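The structure appears right after this line, and notes come after that.
Number of protein chains: 2
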Amino acid sequence: MTDSTTRRVTSADVAKRAGVSRATVSYVLNDTPHQTISAGTRSRVIEAATSLGYAPSAAARALRTGRSDVVLCLLPDWPIGPEVGTLLGNLSTELARSGLTFVAHPGSQADRPIADLWKAITPAAVLAFTDFTPAEINAMRAAGVALVVGLLGRSDSPRRELEVPQQRVGRLQAEHLIAAGHTVIGYAYPDDDRVRIFAEPRLEGTRTACAAGGVAEPSVRIVPLDADAAAPAVKAWHDEGVTAVCAYNDDVAMAVLAGMRRVGLRAPADLAVIGVDDIPAARLAVPALTTVTTDQAAVAAHLATTVLAAINGRPVAPGELSGIVQVVRRESA
Amino acid sequence: MTDSTTRRVTSADVAKRAGVSRATVSYVLNDTPHQTISAGTRSRVIEAATSLGYAPSAAARALRTGRSDVVLCLLPDWPIGPEVGTLLGNLSTELARSGLTFVAHPGSQADRPIADLWKAITPAAVLAFTDFTPAEINAMRAAGVALVVGLLGRSDSPRRELEVPQQRVGRLQAEHLIAAGHTVIGYAYPDDDRVRIFAEPRLEGTRTACAAGGVAEPSVRIVPLDADAAAPAVKAWHDEGVTAVCAYNDDVAMAVLAGMRRVGLRAPADLAVIGVDDIPAARLAVPALTTVTTDQAAVAAHLATTVLAAINGRPVAPGELSGIVQVVRRESA
DNA sequence: TTACGTTACTGACACGAGCAAGTTACACGT
DNA sequence: ACGTGTAACTTGCTCGTGTCAGTAACGTAA
Chain S
40 MTDSTTRRVT
50 SADVAKRAGV
60 SRATVSYVLN
70 DTPHQTISAG
80 TRSRVIEAAT
90 SLGYAPSAAA
100 RALRTGRSDV
110 VLCLLPDWPI
120 GPEVGTLLGN
130 LSTELARSGL
140 TFVAHPGSQA
150 DRPIADLWKA
160 ITPAAVLAFT
170 DFTPAEINAM
180 RAAGVALVVG
190 LLGRSDSPRR
200 ELEVPQQRVG
210 RLQAEHLIAA
220 GHTVIGYAYP
230 DDDRVRIFAE
240 PRLEGTRTAC
250 AAGGVAEPSV
260 RIVPLDADAA
270 APAVKAWHDE
280 GVTAVCAYND
290 DVAMAVLAGM
300 RRVGLRAPAD
310 LAVIGVDDIP
320 AARLAVPALT
330 TVTTDQAAVA
340 AHLATTVLAA
350 INGRPVAPGE
360 LSGIVQVVRR
370 ESA
Chain E
40 MTDSTTRRVT
50 SADVAKRAGV
60 SRATVSYVLN
70 DTPHQTISAG
80 TRSRVIEAAT
90 SLGYAPSAAA
100 RALRTGRSDV
110 VLCLLPDWPI
120 GPEVGTLLGN
130 LSTELARSGL
140 TFVAHPGSQA
150 DRPIADLWKA
160 ITPAAVLAFT
170 DFTPAEINAM
180 RAAGVALVVG
190 LLGRSDSPRR
200 ELEVPQQRVG
210 RLQAEHLIAA
220 GHTVIGYAYP
230 DDDRVRIFAE
240 PRLEGTRTAC
250 AAGGVAEPSV
260 RIVPLDADAA
270 APAVKAWHDE
280 GVTAVCAYND
290 DVAMAVLAGM
300 RRVGLRAPAD
310 LAVIGVDDIP
320 AARLAVPALT
330 TVTTDQAAVA
340 AHLATTVLAA
350 INGRPVAPGE
360 LSGIVQVVRR
370 ESA
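Structure follows, in structure tokens:
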């Protein structure tokens, strides 16, 4: 029965109800170390707090401590797919377990100088898919942000937690094709420049696998998401003797399939194709698309522990990332 | 050259630099009404603020005013597609233009009682795709949230800003098919119960269009995202005399196409199919998928003005929503 | 007894910004 | 000269918390 005119319940209300001072309430509710509280008082405070439905004001807390319990994730300006969506969802769940609130800020950073953004939220940590400049990182640190992570980016950035999974994706694609006996491999690179930060590490992984498997460097071609535009690339590969291609993702893989149809080639006989993500359309394609999935829950869990460790000042545990990506074997490769 | 040890720049710093009191700084920077400030002072304050790189602490501001300039959007627990992604991006841009910060909270509400969430952020407005209970709405109102919007939901909810666009989508699908001469229409309903809030208004729109076009009620069948599972539904439609189906979205539409392939039917000759969303895979399908797109930028703009109006206490302008959805004509219908 | 330590608290300040109420200084009318 | 009005400020309180520095009560040892 919350009355509309009711003011916010503050810790002073709890204190009055429990017959103690506000400080005591704070100590009890935060389990402040080196503060001795008698069992009786503790339970009285807790009882009062729950019965009043007390929840501390995040604004006041943030003002006092200089940081909030919000973890801010800056999303890239290109449309995110369902995979990134589930990754964020899992990450949110994982962080919530530790009392952190995860929020994402969509839209290009150009909208609003990102400076304003983290000043407006005062987050405990900031994650972003792209890089930060050293100046930006310093500014955030100074403003009380405990952790700044660029998930992907230039090779000189300190932390790039998503880099390894992305490379493994590309590696696994190539390994699958090489194991199937292919020796001349192509790489279908996306048309959209904005996804370069994802595409580069994947391609890198494919290159690594080719080198390790004693196979020539992959032949990289840009494949637009259009049958007519994809056809020339497919034809060029075929003329080159390429028998299998790793595609940046399932959309690009489907563009390759569409291009093949235009040129009169059949998968996997003339050209094997393997995608990434396992979007719903992949299993419905003709032929059904072989692809690589990532265990987003596992990645999220790893990311969450990294964030938590950094916020609490503990050393960051080295991630266990094996088995995080897997091939979904269908017809196209 | 921001030194790492530098503390946050406060309005007191600006005041000192400009040689005025803190209050004056506040008045200048907020254009407080009924406060007269001389031009000289005003420019000195502004100069000091910009040269120091001052940005007000959101925490302090939120504490004082009782609300922040954050607009919180609760995302549903099912994976969001690229369309919702761009909608959020546009909304973010649109709101940023008015000084509001848009953030999204992914993950199921079950993670964390939503009460904690808005207490932790103290947003100016809360948007959600699903409904709120009246108790939740009251609690938020009491806590200073200016606006609570359930974008979709039960018919007795006050505001459902996304309802109309969704209905128009379904209506436009059917209108397109009826205009092409079809008289027996099916509706391919999604397998996933979680998207029901989107599916219901779309189906509703299709029903409306059928009634208006003098055509029988659409034959609704659930179509899973799997060729084998979709085949029986397709066969049943064909036996029924259905010549065209509206699909919930492009994924479902592609499942229908896949099911048709299993059963040996061809689109659009034996059965016309129309999807929703125009995902990249739609144009790459065989046959290329006819579909309906929504102008997410326009929807975002409408949503943004609604939010702004409500926050500023102005009456909400009735939305101009015609021409927001359009058919992308390809081969399948 | 005094000195000292521990337990279990309380009082008061600080965080940074907004805003009501008070204070000058100056112009204007009578 | 004196009130009145207004432009152009400043002083000081407030929002709700976390936390440092007390302090009273109660031992306990010398």
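Going down the list, the sequences are from chains S and E. Be aware that the first sequence starts at 40, since it is given in my numbering, and climbs by one per residue. Be aware that the second sequence starts at 40, since it is given in my numbering, and climbs by one per residue. In this text, a Cβ means the ideal position worked out from N, Cα and C, and glycines have one as well. Quick caveat: nothing in here was measured; it's all calculated off a predicted structure.
| Asked | Found |
| --- | --- |
| Can you confirm whether Val325 (chain E), when its beta carbon is compared against all beta carbons of chain S, has any partner nearer than 7 Å? | yes |
| Verify whether the separation of the beta carbon atoms of Ala339 (chain S) and Leu130 (chain S) is less than 7 Å. | yes |
| Below 8 Å between beta carbons is the criterion; list the residues of the stretch 286 to 300 of chain E that meet it against any residue of chain S, in chain order. | Asp289, Asp290, Met293, Ala294, Leu296, Ala297, Arg300 |
| Express the C-alpha separation of Asn351 (chain S) and Val364 (chain S) in angstroms, rounding to a whole number. | 29 Å |
| Could you have a look at Pro173 (chain S) and say whether DSSP puts it in helix, strand or coil? | helix |
| Output yes or no for whether 7 Å exceeds the beta carbon distance between Gly243 (chain E) and Ser258 (chain E). | In the sequence on display, residue 243 (chain E) carries Glu and not Gly. Taking 7 Å as the Cβ cut-off, Glu243 (chain E) and Ser258 (chain E) do not qualify as a contacting pair. |
| In whole angstroms, give me the CA-to-CA distance for Pro271 (chain E) and Thr330 (chain E). | 23 Å |
| In terms of residue numbering, what span does the beta strand (DSSP E) encompassing Thr333 (chain E) cover? | 329 to 333 |
| Please state whether the Cβ-Cβ distance between Gly252 (chain E) and Ala286 (chain E) is less than 7 Å. | no |
| Give the residues of chain E in contact with Phe141 (chain S), contact being defined as C-beta atoms less than 9 Å apart. | His144, Pro145, Gly146 |
| Return the bridge partner residues of Gly189 (chain S) from the DSSP annotation. | S:Ala167 |
| Using a Cβ-Cβ cutoff of less than 8 Å, which residues in the same chain neighbour His277 (chain E) once the five nearest sequence positions on both sides are dropped? | Val302, Leu304, Asp309, Leu310 |
| Less than 7 Å between CB atoms is the rule here; does Ile118 (chain S) satisfy it with respect to chain E? | Sequence check: residue 118 (chain S) is Pro here, not Ile. Interface residue, yes. |
| If we call anything under 7 Å between Cβ atoms a contact, is Asp316 (chain S) one with Asp289 (chain S)? | yes |
| Can you name, in chain order, every residue of its own chain whose Cβ lies under 6 Å from the Cβ of Val64 (chain E), other than the five neighbours on each side? | Ser50, Val53, Ala54, Val84 |
| So who's on the other strand from Val366 (chain S), going by DSSP bridges? | S:Val331 |
| Answer yes or no: do Pro145 (chain S) and Gly128 (chain E) have a C-beta to C-beta separation smaller than 7 Å? | yes |
| Out of S:Met299, S:Ile224, S:Glu200, state which residue places its alpha-carbon closest to the alpha-carbon of Asp267 (chain S). | S:Met299 |
| On the CB-based measure, 16 or more other CB atoms within 10 Å of its CB, does Pro107 (chain S) come out buried or exposed? | A small fix is needed here, since residue 107 (chain S) is Ser in this sequence, not Pro. By the 10 Å Cβ count, Ser107 (chain S) comes out buried. |
| Going along the chain, which residues of its own chain have a beta-carbon closer than 8 Å to the beta-carbon of Ala372 (chain S), five neighbours each way excluded? | His215, Leu216, Ala219, Ala283, Ala306, Pro307, Ala311, Val312, Ile313, Thr329 |
| In the DSSP assignment, find the beta strand (DSSP E) that holds His73 (chain E) and state where it starts and stops. | Segment: none, His73 (chain E) is in no beta strand (DSSP E) and carries neither H nor E. |
| If the criterion is Cβ atoms closer than 7 Å, does the pair Leu111 (chain E) and Val165 (chain E) meet it? | yes |
| Identify whether Arg353 (chain S) lies in helix, strand or coil by the three-state DSSP scheme. | coil |
| When the Cα of Arg47 (chain S) is compared with those of E:Ala98, E:Pro240, E:Val184, which residue comes out closest? | E:Val184 |
| Just to confirm my understanding: we take Arg260 (chain S), look at its own chain, exclude 5 residues before and 5 after, and list those with CB closer than 6 Å. What are they? | Ala272 |
| Helix, strand or coil, according to DSSP, for Gln111 (chain E) in the structure here? | Note on identity: in this sequence residue 111 (chain E) is Leu, with Gln being the wrong assignment. Residue state, collapsed to three classes: strand. |
| Check whether the Cβ atoms of Ile294 (chain S) and Ala269 (chain S) sit closer than 7 Å, and answer yes or no. | Inspection of the sequence shows that residue 294 (chain S) is occupied by Ala rather than by Ile. Yes, Cβ-Cβ distance for Ala294 (chain S) and Ala269 (chain S) is below 7 Å. |
| Flag Pro257 (chain E) as yes if its beta-carbon sits less than 7 Å from any beta-carbon of chain S, otherwise no. | no |
| Ignore the nearest five residues each way along the sequence and tell me which others in Ser60 (chain E)'s own chain have a CB closer than 8 Å to its CB. | Ala54 |
| Report the three-state DSSP secondary structure of Pro229 (chain S) (helix, strand or coil). | strand |
| Would you decide whether Pro173 (chain S) is buried or exposed? Buried here means 16 or more other CB atoms lie within 10 Å of its CB. | exposed |
| Name the chain E residues whose beta carbon is nearer than 7 Å to that of Asp265 (chain S)? | Arg322 |
| Would you call Ser96 (chain S) buried or exposed, if buried means 16 or more other Cβ atoms sit within 10 Å of its Cβ? | buried |
| I want to see whether chain S comes within less than 7 Å of Gly314 (chain E), judged by CB atoms only; does it? | no |
| With respect to the alpha helix (DSSP H) encompassing Arg47 (chain E), which residues constitute its N-terminal and C-terminal limits? | First-last for Arg47 (chain E): undefined, no H or E at that position. |
| Name the residue from S:Val346, S:Arg207, S:Glu370, S:Ala87 whose alpha carbon lies nearest to the alpha carbon of Glu239 (chain S). | S:Arg207 |
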